[in-house]
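In terms of our numbering, the sequence shown opens at residue 65 and continues consecutively.
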Amino acid sequence: MHPRGAAVLSIPAKHPAVGESESLASYWTFYWAVAAAQLSRWLPHRPSRVLDLSGPQARCAPQAAAAGHTVVEVRETPRSGPHSRRVRPVVADPASLGFLADGSFDAVVAEGRVLSRHLVTENIVAEISRVLRPGGRVLMCVDSLVLGMAILAEQNFWAHLSDVPRSEVVLVPWPDGSITRCFGAEQLRELLTDSGLELEWIRPRTTLSPSTVEHVLSTSPQALPRLVRAELTAPLGDEPVGIHLVASAIKSF
């Protein structure tokens, strides 16, 4: 089910699309270092109750726990191995949070593209808003229209590219058969506002290009911390550009 009256652009799968290529290993090391630094800056300053919907790849739950927060980690598969006593894993669908009480969390982390993988994103954002206390915040990461258009171009769907700016919902296939929902800044703002959340800021995960990062780290691997600092302080344009958009929003009192 899609938003009522929405113009939906959905493309059938064809060829392999953009992914974490081995040739960009240094860039992805940089990418995850930036993600960890952004989360560290965003987390509450005092011990809080945090809901993590991101999945294991993003590793948000252990980072939040190490910062002194109590974390409920919603996972689609059971956790293997030991975990911090501050992390309470729950096997459940991140889009179905009915087992959680209203206003029971100070912060929600929806990293790892979880919102783009659940195509009726409105439902999961409404649930996030419900479980947040007034004044609570959410940090989220979604696939961008830039990424969606790159995937369409890679699959030679040239005719569909012109439809992207006019489509309220853009669904794009991945090589594994999954579908991703891609967002522009204004679409993301509307998604949050419609769920009773107020956008604080939105930015690309990275503004430095993969080629720049690969070049710098191939000649100077120790430059990684400097690149991360440069990324965190980079000025933002009116329309954030990048393969993933990161946003922070707050639930009004």
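All residues carry an ideal CB built from backbone N, CA and C; glycine is no exception.
**Study point:** Same chain, Cβ closer than 7 Å to Arg194, neighbours up to 5 away in sequence not counted
**Key:** Asp166
**Study point:** Ile266 versus Leu296: straight-line alpha-carbon distance, rounded
**Key:** 13 Å
**Study point:** Three or more C-beta pairs below 8 Å linking the region 280 to 297 and the region 251 to 264
**Key:** no
Exercise for review: Taking Asp157 as the reference, give the member of Ala130, Asp170, Ala174 and Arg150 with the closest Cα.
Suggested key: Ala174
Practice item. With a threshold of 16 other CB atoms inside 10 Å of the CB of Gly83, please say whether the residue is buried or exposed. Key: With a pLDDT of 47 at Gly83, under the threshold of 50, the modelled position of this residue cannot be trusted; read the value that follows with caution. Exposed, by the Cβ-count rule.
Exercise for review: Give me the Cβ distance between Ser112 and Pro198, rounded to the nearest whole Å; I'm assuming they're in contact under 8 Å.
Suggested key: Not quite, the Cβ-Cβ distance comes to about 14 Å (not below 8 Å), so this is no contact.
Review point. What are the start and end residues of each continuous alpha helix (DSSP H) run of 4 or more residues lying completely inside the region 158 to 241, in chain order?
Key: 178 to 181, 185 to 195, 209 to 218 and 222 to 225
Practice item. Throw me the rounded Cβ distance for the Val136 and Leu115 pair, which I believe falls under 8 Å. Key: 5 Å
Check your understanding: How many Å lie between Thr134 and Glu264 at the Cα?
Key -> 24 Å
Point to revise | Buried versus exposed, by CB contacts within 10 Å (16 or more), Thr244 | key: buried
Practice item. Report the rounded CA-to-CA distance for Pro142 versus Val155, giving the unit in angstroms. Key: 6 Å
Review point. Are the beta-carbon atoms belonging to Val292 and Ala97 less than 8 Å from one another?
Key: yes
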